[in-house]
Each structure stands twice: as structure tokens, then as C-alpha cells.
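>
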Amino acid sequence: MVTTWRSAFVPATVTVLVWAAPAAVSQPHRQEPEPPPRPQRYEADCRTVIEGSRATAYCHNPYPSVDRVRLHVECERWWDIDADGAPVEVGPAGYAELTDRCWKEIGAVWVSHQLLRESAGT
């Protein structure tokens, strides 16, 4: 008789533990913290075109802040001087075309962006 009692007790204990385990493990629902606010976008959309030894960047600013863009051209030849163009301010809904060149082949072209802070009083 003792053997049947033990054989019935083991499955009953396992069943109780299986049903109780999720309740014991689950924690009260915690609300996820809100993600930090995204920084405001200000960079103008620029595309670059390379034609031979001349590079051109076409920039359009769809944002309400002023973006200062600058064209950088890295020349392929070691003796050819790299070019960093003058910065140009592209206002809201503004457009700018930046051009620079190398004597020979162009190695790389990119545009840098700088947020132009509004001056006080304007």
C-alpha cells in the first residue's frame, strides 16, 4: 500500500509545482521607461557627384534650422593637394551647390555638417 501512495504522491507534487512555478516566477507588470527624446535633425540632404577631377555636392535643407555645410575632396595622388571648401549656410528650405576639384583623380568626397546656432536677438 505504501508503494501506491508514493507513486500517486510524486505525480501530484510535480503537477502542483508545474502550475505554481509560473505564478511564483512572474513579476508584477512594470512599465517600460520612455526612450530619451531624439535630437532634432538639422542636416541638409546632400548628394555628391564626381565628374573626372571635379566634385560637386547638391544640398537641400528640409529642416527649420540653419545647416552649415562644407565640401571635402581627397585627391588620389600624393602630390595633389586635398581641398576643403569654404562653409556655406543653407537655411530652411534652402539649396546650395558646392564644387571643388583635384588636378588628377579624386579619391574620396564627403560633406560635413554643422548646426548653426541662432544668434541672440534675432
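Under our numbering, think of the first position of the sequence shown as 2, with each following residue one higher.
Virtual Cβ for every residue (Gly too), placed ideally from N, Cα, C.
Owing to the predicted nature of the structure, the values given are computational and were not obtained by experimental measurement.
1. Below 8 Å on the Cβ atoms is my contact criterion, and I expect PRO88 with VAL70 to pass it. Report the Cβ-Cβ distance as a whole number of Å.
2. Tell me which residue opens and which closes the beta strand (DSSP E) that GLU106 is part of.
3. Is the beta carbon of GLY108 less than 8 Å from the beta carbon of GLU77?
4. According to DSSP, which residues form a beta bridge with GLU75?
5. Using C-beta distances below 8 Å, list every residue in its chain close to LEU117, excluding the 5 sequence neighbours before and after it, in chain order.
6. With distances taken Cα to Cα, identify the nearest neighbour of GLY92 among TRP111, GLN115, GLU35 and PRO40.
Quick look at the numbers:
1. Taking the sequence shown and counting its residues from 1, one reaches residue 88 at position 87. Taking the sequence shown and counting its residues from 1, one reaches residue 70 at position 69. So it is a contact: roughly 7 Å between Cβ atoms.
2. Against the sequence shown, residue 106 aligns to sequence position 105. Neither: GLU106 is in no beta strand (DSSP E) and is coded neither H nor E.
3. Start at 1 with the first residue of the sequence shown, and residue 108 comes out as number 107. Start at 1 with the first residue of the sequence shown, and residue 77 comes out as number 76. Going by C-beta atoms, GLY108 is nearer than 8 Å to GLU77.
4. If you number the sequence shown from 1, residue 75 lands on position 74. DSSP output for GLU75 lists ALA109 as bridge partner(s).
5. Numbered from 1 along the sequence shown, position 116 holds the residue referred to as residue 117. Excluding positions up to five away in sequence, the list reads SER66, VAL67, ASP68, ARG69 and GLU90.
6. In the sequence shown, residue 92 corresponds to position 91, counting from 1. It is GLN115 whose Cα lies nearest to the Cα of GLY92.
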